[in-house]
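> Chains A and B, in that order, give the protein sequences.
For the first sequence, this note's numbering assigns the number 501 to the initial residue and increments by one for each residue that follows.
For the second sequence, this note's numbering assigns the number 501 to the initial residue and increments by one for each residue that follows.
Using N, Cα and C, we set each Cβ at its ideal position, and we do this for glycine too.
Let me begin by handing over the structure; questions about it come next.
Number of protein chains: 2
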Amino acid sequence: MNITGKARLYAIVGDPVAHVRVPAVFNARFAAHGTDAACVPLHVGAAGLAAAVGGLRALLNLDGFVVTAPHKHAIVALCDEVVGEGRLVGAVNAVRRGADGRLVGDLFDGQGFVAGLRAAGHSPQGKRVFLMGAGGAASAVGFALARAGVAAITIHNRTAPRAEALARKLQAAYPSCDVRAGSAHPAGHDLAVNATSVGLEPGDPLPFDVSALPRTTVVAEVLMKPEKTALLAAAERRGCPIHLGRHMLDRQVDLMFEFFAAR
Amino acid sequence: MNITGKARLYAIVGDPVAHVRVPAVFNARFAAHGTDAACVPLHVGAAGLAAAVGGLRALLNLDGFVVTAPHKHAIVALCDEVVGEGRLVGAVNAVRRGADGRLVGDLFDGQGFVAGLRAAGHSPQGKRVFLMGAGGAASAVGFALARAGVAAITIHNRTAPRAEALARKLQAAYPSCDVRAGSAHPAGHDLAVNATSVGLEPGDPLPFDVSALPRTTVVAEVLMKPEKTALLAAAERRGCPIHLGRHMLDRQVDLMFEFFAAR
Numbered sequence: 501m502n503i504t505g506k507a508r509l510y511a512i513v514g515d516p517v518a519h520v521r522v523p524a525v526f527n528a529r530f531a532a533h534g535t536d537a538a539c540v541p542l543h544v545g546a547a548g549l550a551a552a553v554g555g556l557r558a559l560l561n562l563d564g565f566v567v568t569a570p571h572k573h574a575i576v577a578l579c580d581e582v583v584g585e586g587r588l589v590g591a592v593n594a595v596r597r598g599a600d601g602r603l604v605g606d607l608f609d610g611q612g613f614v615a616g617l618r619a620a621g622h623s624p625q626g627k628r629v630f631l632m633g634a635g636g637a638a639s640a641v642g643f644a645l646a647r648a649g650v651a652a653i654t655i656h657n658r659t660a661p662r663a664e665a666l667a668r669k670l671q672a673a674y675p676s677c678d679v680r681a682g683s684a685h686p687a688g689h690d691l692a693v694n695a696t697s698v699g700l701e702p703g704d705p706l707p708f709d710v711s712a713l714p715r716t717t718v719v720a721e722v723l724m725k726p727e728k729t730a731l732l733a734a735a736e737r738r739g740c741p742i743h744l745g746r747h748m749l750d751r752q753v754d755l756m757f758e759f760f761a762a763r
Numbered sequence: 501m502n503i504t505g506k507a508r509l510y511a512i513v514g515d516p517v518a519h520v521r522v523p524a525v526f527n528a529r530f531a532a533h534g535t536d537a538a539c540v541p542l543h544v545g546a547a548g549l550a551a552a553v554g555g556l557r558a559l560l561n562l563d564g565f566v567v568t569a570p571h572k573h574a575i576v577a578l579c580d581e582v583v584g585e586g587r588l589v590g591a592v593n594a595v596r597r598g599a600d601g602r603l604v605g606d607l608f609d610g611q612g613f614v615a616g617l618r619a620a621g622h623s624p625q626g627k628r629v630f631l632m633g634a635g636g637a638a639s640a641v642g643f644a645l646a647r648a649g650v651a652a653i654t655i656h657n658r659t660a661p662r663a664e665a666l667a668r669k670l671q672a673a674y675p676s677c678d679v680r681a682g683s684a685h686p687a688g689h690d691l692a693v694n695a696t697s698v699g700l701e702p703g704d705p706l707p708f709d710v711s712a713l714p715r716t717t718v719v720a721e722v723l724m725k726p727e728k729t730a731l732l733a734a735a736e737r738r739g740c741p742i743h744l745g746r747h748m749l750d751r752q753v754d755l756m757f758e759f760f761a762a763r
């Protein structure tokens, strides 16, 4: 990898950034394609986000940047426009910079999740989905699944009004999908997704019970660490197909490159 | 070169930046030392400089950046402190970022020029110098030569009052050096330096006449393109030792790394 003065720039903005894989993944792609471009990690705290984004806007050779925790919501107000899934969910994880400095944001978590499902042979078309959680990840996954043509989504959340609110938003955006808030039990669904942070810590309980699931229900995660969460391990023991959280990220890189290229 | 999330960042800010060698030189050094760091070009116009610098200040993993044309003067007001040669000349080409975001600027053009002379075996100590020009480059070279212990500096500039003003500034800073404005003829000097842009364009006249110079006078350039200017070619034909403009840049990298490391 040889960064010349003509290199196009990409970045990932987060706090922390020490763990991020985006520079390695992007730069490997640039090297493989012989593209004179580079992606660097930008460690930016909440207090510095507006200044950092103002600076990125002034970089004439910057094509775009990825946004990770904790800035996915705060970045929305710093974009000139938020489109697609980003607008529906109210969160952004990729921003492209137009030649005039205009910043357009979108979110690829949900689309990445759906693309990952499809790549694993789990077509969402017409499926009945159990969605655990009603936060940012659940919202992204819910919108993308509805868009991908699932027949129904049942949302459960520890705080019930949040599940009801997300169900109403989803139902309004996709009237042909049957969306409702429901119980904590995933029975009767073809796909059961954990979109909460339960499972991140070693002592966590399972986010939902898999002991009564038919062996045809696919159990999926949004959590990436550990790669095989306790939920996935339990589903595997039950004999259900499982779907790892990291596929959500793996599939986003292509989507983001398409988005950056449309600048 | 593998940029991880833990990489320390360096940059060069300019307009244009397509021609800059700094990322290649810095990154080769990082690779040779196994340092997890990266240097990228930042293409920033005059209108975006303040925003870009505000953004760089917010990057917690940025160690510093190089500044090139046309921003060497404008950057001064955007630093929290300007030290050394930068303060004397009123121009900055390297900025380091403290852990608290504090930006300290300095200028290494003159020091780089002197270090290049020394590396080529031309000790400036006690020498009589003819300096053509009174702009930014001439000022940087003049201050660094005076600091390095030359006995005398004669400055000529097409606009005489600028030569006189630089002579006064230099004389005030280095009372033991004999500094004055003088004629366009370099006779009677041990070192004759072109510190103007005359010679950059193919049809340019020579910045000064070398036809009467003794064969002991070293003729030096600050211009880097063409590598061997018409002035240097003429001096070579005359039998004088010549000193290329690129040595000024070559020697600055070490000086800048020391400066960045002192953050």
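For the structure I just gave you, are there three or more beta carbon pairs, one from the stretch 603 to 610 of chain A and one from the stretch 637 to 647 of chain A, closer than 8 Å?
With the cut-off at 8 Å, the stretch 603 to 610 of chain A and the stretch 637 to 647 of chain A touch.
> Please list the partners that Gly505 (chain A) has in chain B, where partner means a Cβ-to-Cβ separation under 9 Å.
Going along chain B in sequence order, the residues near Gly505 (chain A) (Cβ under 9 Å) are Ile512, Gly514, Pro516, Val517, Ala518, His519, Val520, Arg521, Val522, Pro523, Ala524, Pro541 and His543.
> Does the Cβ of Pro707 (chain B) have 16 or more other Cβ atoms within 10 Å, making it buried, or fewer, making it exposed?
Looking at its Cβ environment, which holds 16 or more other Cβ atoms inside 10 Å, Pro707 (chain B) is buried.
> Give the straight-line distance between the Cα atoms of Val513 (chain A) and Ala637 (chain A), rounded to the nearest whole angstrom.
Using only the alpha carbons, I get a separation of about 18 Å.
> Short of 9 Å Cβ to Cβ, which residues in the stretch 555 to 566 of chain B face chain A?
From the stretch 555 to 566 of chain B, only Gly555, Leu556, Arg557, Ala558, Leu559, Leu560, Asn561 and Leu562 have a Cβ closer than 9 Å to chain A.
> Give me the residue from A:Asn561, A:Val522 and A:Asn502 with the minimum Cα distance to Gly534 (chain A).
Among A:Asn561, A:Val522 and A:Asn502, the Cα nearest to that of Gly534 (chain A) belongs to A:Asn502.
> How about the stretch 682 to 698 of chain B and the stretch 650 to 661 of chain B: do they share at least three Cβ pairs that are nearer than 8 Å?
They touch, by the three-pair rule.
> Under the three-state reduction of DSSP, which class applies to Gly590 (chain B): helix, strand or coil?
In the structure shown, Gly590 (chain B) sits in coil (DSSP, three-state: anything other than H, G, I, E or B).
> Helix, strand or coil for Ala652 (chain B), going by three-state DSSP, please let me know.
Strand, per DSSP.
> Tell me the DSSP secondary structure of His743 (chain A) in three-state form.
His743 (chain A): strand per DSSP, three-state reduction.
> Against Met501 (chain A), what residues of chain B qualify as contacts under a CB-to-CB distance less than 7 Å, listed in chain order?
By Cβ distance, chain B contributes Met501.
> Would you kindly check if the distance between the Cβ of Gly621 (chain A) and the Cβ of His656 (chain A) is under 8 Å?
Their beta carbons are not under 8 Å apart, which means His656 (chain A) does not touch Gly621 (chain A) by this criterion.
> Measure the C-alpha to C-alpha separation of Arg668 (chain A) and Cys677 (chain A) and round it to an integer number of angstroms.
Between Arg668 (chain A) and Cys677 (chain A), the C-alpha separation is close to 11 Å.
> Within 8 Å of any Cβ in chain A, is that where the Cβ of Thr509 (chain B) sits?
Here residue 509 (chain B) turns out to be Leu, not Thr, going by the sequence shown. By this cut-off, Leu509 (chain B) is an interface position.
> In whole angstroms, what is the alpha-carbon distance linking Gly548 (chain A) and Leu556 (chain B)?
So the two alpha carbons sit approximately 10 Å from each other.
> Which residues, in order along the stretch 527 to 540 of chain A, keep a beta-carbon less than 8 Å from a beta-carbon of chain B?
Per Cβ criterion, the list reads Asn527, Ala538, Cys539 and Val540.
> At least one CB of chain B closer than 8 Å to the CB of Gly548 (chain A): is that the case?
Taking Cβ atoms only, chain B reaches closer than 8 Å to Gly548 (chain A), which makes this a yes.
> Would you say Ala552 (chain B) reaches chain A, if we count a Cβ-Cβ gap shorter than 8 Å as a contact?
Taking Cβ atoms only, chain A reaches closer than 8 Å to Ala552 (chain B), which makes this a yes.
> Report the partner residues of Tyr510 (chain B) according to the DSSP bridge assignment.
According to DSSP, Tyr510 (chain B) bridges with B:Cys539 and B:Gly564.
> Considering just the uninterrupted stretch of the beta strand (DSSP E) at Asp678 (chain A), what are its terminal residues?
Element bounds for Asp678 (chain A): Asp678 to Ala681.
> Quick one: what's got a C-beta closer than 7 Å to Pro523 (chain B)'s C-beta in the same chain, skipping five residues either side?
Cβ neighbours of Pro523 (chain B) beyond the five flanking positions: Ile512, Cys539, Val540 and Pro541.
> If Met632 (chain B) and Val693 (chain B) are in contact, beta carbons under 8 Å, what's the gap, nearest whole angstrom?
The pair is a contact, with the Cβ atoms about 7 Å apart (cut-off 8 Å).
> Are the Cβ atoms of Ala507 (chain B) and Leu588 (chain B) separated by less than 8 Å?
Taking 8 Å as the Cβ cut-off, Ala507 (chain B) and Leu588 (chain B) do not qualify as a contacting pair.
> My parser needs the beta strand (DSSP E) runs of 3 or more residues fully inside the stretch 583 to 639 of chain A; what are they?
The stretch 583 to 639 of chain A contains these whole beta strand (DSSP E) runs: 594 to 597, 603 to 606 and 628 to 632.
> Buried or exposed: where does Asp536 (chain B) fall if 16 or more other Cβ atoms within 10 Å of its Cβ makes it buried?
So Asp536 (chain B) ends up on the exposed side.
> Answer yes or no: do Asp462 (chain A) and His685 (chain A) have a C-beta to C-beta separation smaller than 8 Å?
The structure shown has nothing for residue 462 (chain A), since chain A only spans 501 to 763.
> Which residue from B:Leu562, B:Ala574, B:Val566 and B:Ala532 puts its Cα closest to that of Ala546 (chain B)?
The shortest C-alpha separation from Ala546 (chain B) is found at B:Ala574.
> Residues bridged to Glu721 (chain B) by DSSP?
According to DSSP, which records beta bridges pairwise, Glu721 (chain B) is partnered with B:Asn694.
> Alpha helix (DSSP H) containing Asn527 (chain B): first to last residue?
Counting along the chain, the alpha helix (DSSP H) containing Asn527 (chain B) begins and ends at Val522 to His533.
> Given a cut-off of 8 Å on the beta-carbon distance, is the pair Phe759 (chain B) and Asp515 (chain B) in contact?
No, the Cβ-Cβ distance between Phe759 (chain B) and Asp515 (chain B) is not below 8 Å.
> Out of A:Pro726, A:Pro675 and A:Thr716, state which residue places its alpha-carbon closest to the alpha-carbon of Leu700 (chain A).
With distances taken between Cα atoms, Leu700 (chain A) lies closest to A:Pro726.
> Cα-Cα, which of B:Ile742, B:Met748, B:Gly586 and B:Arg737 is closest to Met724 (chain B)?
Comparing Cα-Cα distances from Met724 (chain B) to each of B:Ile742, B:Met748, B:Gly586 and B:Arg737, the minimum goes to B:Met748.
> If you run the structure through DSSP and keep just helix, strand and coil, what is Glu701 (chain A)?
Three-state DSSP puts Glu701 (chain A) in coil, outside helix and strand.
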